[in-house]
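Engineer: Right, I'll just put the structure down here and ask away after.
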């Protein structure tokens, strides 16, 4: 039996022979139940389409006003980055960095990284250091927390609702759609297939 | 009890942590690390020093958990009156004003999840060190759960950021981030690293000694 027919479960190390998966089917580890592999048809093309959509929405989300608040004759506009600047002004550099990284830079790096790897792959090529980029993308994934940020927005809106009038901006809608696009992107991406294609092109 | 089964390690194979390529176990050479031939990440059969690292991070998180919950997380000033709120007092405030769903979200994300995560990790660490053979599947599931839900604890950090950014209405009202905020962010980030450094394969390794 050759090694390529076998897979070791990455949660319990059990060696299993990978079955031929039906379209859309998935294989679980017989011992611990961990998901071993899922058949994802046209994974690369679907991920590419969603990454492009994500990039457009990301640009919209950072460039337009996010929320505006009206109370007692004052009006306060803010976009995605003003919160970060205000934290910096209060000398909370660490916190500002955490928010900037997890809500702006990591998601952006994830989208750009996938485009860098997958776009050439679609045309049967690979750019230099594609493995390094794809590895980084998979390491960054748990640290990209836009959907958690969205929950934070909802909580803040309820919190402020009785205090002042809160007006959602264009960027908020772009942001909401972006979260679904990113979730869909994570669901259609098949890392196994990408690694195999990268290896074949070496 | 489940059958021991054949593991990659017993067959002298190593599965890459990142791309899951199955390779022959590298022959150890001093001061050299073996790399996955496909993706280039370092190859090891089990995550190195997994138990020690996880213990250290769990201890650090337990220490930070105290100031994170005892110090104020927001400082609100409205028309000359200043009010400081800890995480718990914020939850109680929401409960009193009838916003039960929000109180639940904050309580689960900021108090319950970090605490459960720490307790689960401590339980997993102790049970692995005591070479427990009980509930292997359930313990693996617990691990999967801690890995999955940890990031949602960040929600309170983001709420504070948004409030600080939005509520800057001159003399009428302003919100500042309290001293607990960096500690709280520290708890969330450190527990995420702790879950990542724990190797669930250690739960199953005890099965190999059966035969």
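Chains as they are written, first to last, in my numbering: chain Z, 1 to 202; chain R, 203 to 413.
Beta carbons: idealized from backbone N, C-alpha and C, even for Gly.
(1) Along chain Z, in chain order, which residues have C-beta atoms closer than 7 angstroms to that of residue 220 of chain R?
(2) Grouping DSSP H, G and I as helix and E and B as strand, with all else coil, what is residue 159 of chain Z?
(3) Taking the runs of the alpha helix (DSSP H) that are 4 residues or longer, which of them lie wholly in the stretch 142 to 201 of chain Z?
(4) How would you call residue 221 of chain R, buried or exposed, if buried means at least 16 neighbouring beta carbons within 10 angstroms?
(5) Taking the alpha carbon of residue 263 of chain R as the point to measure from, which residue in R/397, R/374 and R/209 has its own alpha carbon closest?
(6) Within 8 angstroms of any Cβ in chain Z, is that where the Cβ of residue 300 of chain R sits?
(7) For residue 286 of chain R, report the span of its beta strand (DSSP E) as first-last.
(8) Using 8 angstroms as the cut-off, can you tell me whether the stretch 277 to 285 of chain R makes contact with the stretch 374 to 382 of chain R, which would need three or more C-beta pairs spanning the two stretches below that distance?
(9) Can you tell which of R/357, R/324 and R/271 has its C-alpha closest to the C-alpha of residue 99 of chain Z?
(10) Using the C-alpha atoms, what's the distance from residue 353 of chain R back to residue 268 of chain R?
(11) Between residue 66 of chain Z and the rest of its own chain, which residues show a CB-CB distance below 7 angstroms, the 5 nearest in sequence each way excluded?
(12) At a Cβ threshold of 8 angstroms, is residue 370 of chain R touching chain Z?
(13) Could you tell me which of Z/7, Z/8 and Z/12 sits nearest to residue 343 of chain R, measuring between CA atoms?
(14) Cutting at 6 angstroms between CB atoms, please list the residues of its own chain near residue 55 of chain Z, excluding the five before and the five after it.
(15) Quick check on the burial criterion: 16 or more other C-beta atoms within 10 angstroms. Buried or exposed for residue 190 of chain Z?
(16) Please identify the residue among Z/117, Z/174, Z/95 and Z/166 whose C-alpha is closest to the C-alpha of residue 196 of chain Z.
(17) Report all residues from its chain with a CB closer than 6 angstroms to the CB of residue 135 of chain Z; omit the five preceding and five following residues, and keep chain order.
(18) Expressed to the nearest angstrom, what Euclidean distance is found between the alpha-carbon atoms of residue 387 of chain R and residue 182 of chain Z?
(19) Starting from the C-beta of residue 272 of chain R, find all residues in its chain whose C-beta is less than 8 angstroms away, skip the five residues before and the five after it, and write them out in chain order.
(20) Can you tell me whether residue 411 of chain R is buried or exposed, with buried defined as 16 or more other CB within 10 angstroms of its CB?
(21) Helix or strand or just coil, what does DSSP make of residue 7 of chain Z?
(22) With which residues is residue 279 of chain R paired in a DSSP beta bridge?
(23) Residue 226 of chain R lies in the beta strand (DSSP E); which residues open and close that run?
(24) Are the C-beta of residue 213 of chain R and some C-beta of chain Z separated by less than 8 angstroms?
(25) So what does DSSP say about residue 49 of chain Z, is it helix, strand or coil?
(26) When the distance is taken between beta carbons, is residue 194 of chain Z closer than 8 angstroms to residue 121 of chain Z?
(27) Of all the alpha helix (DSSP H) runs that stay within the bounds of the stretch 65 to 148 of chain Z, which reach a length of 4 or more residues?
Structural biologist: The answer reads as follows:
(1) At a beta-carbon threshold of 7 angstroms, the residues of chain Z lying near residue 220 of chain R are 135 and 138, ordered along the chain.
(2) helix
(3) 146 to 161, 170 to 188 and 191 to 200
(4) buried
(5) Taking residue 263 of chain R as reference, the option from R/397, R/374 and R/209 with the minimal CA-CA separation is R/397.
(6) no
(7) In this chain, the beta strand (DSSP E) harbouring residue 286 of chain R covers 283 to 287.
(8) yes
(9) R/357
(10) 19 angstroms
(11) 78, 79, 80, 169, 171 and 172
(12) It does; some Cβ of chain Z falls within 8 angstroms.
(13) Among Z/7, Z/8 and Z/12, the Cα nearest to that of residue 343 of chain R is on Z/12.
(14) 111.
(15) Flag for residue 190 of chain Z reads buried.
(16) Z/117
(17) none
(18) 24 angstroms
(19) Answer for residue 272 of chain R: 288 and 382, listed in chain order.
(20) exposed
(21) strand
(22) R/284 and R/376
(23) 224 to 226
(24) yes
(25) Note: residue 49 of chain Z maps to helix in three-state DSSP.
(26) yes
(27) 82 to 89, 93 to 100, 106 to 122 and 130 to 140
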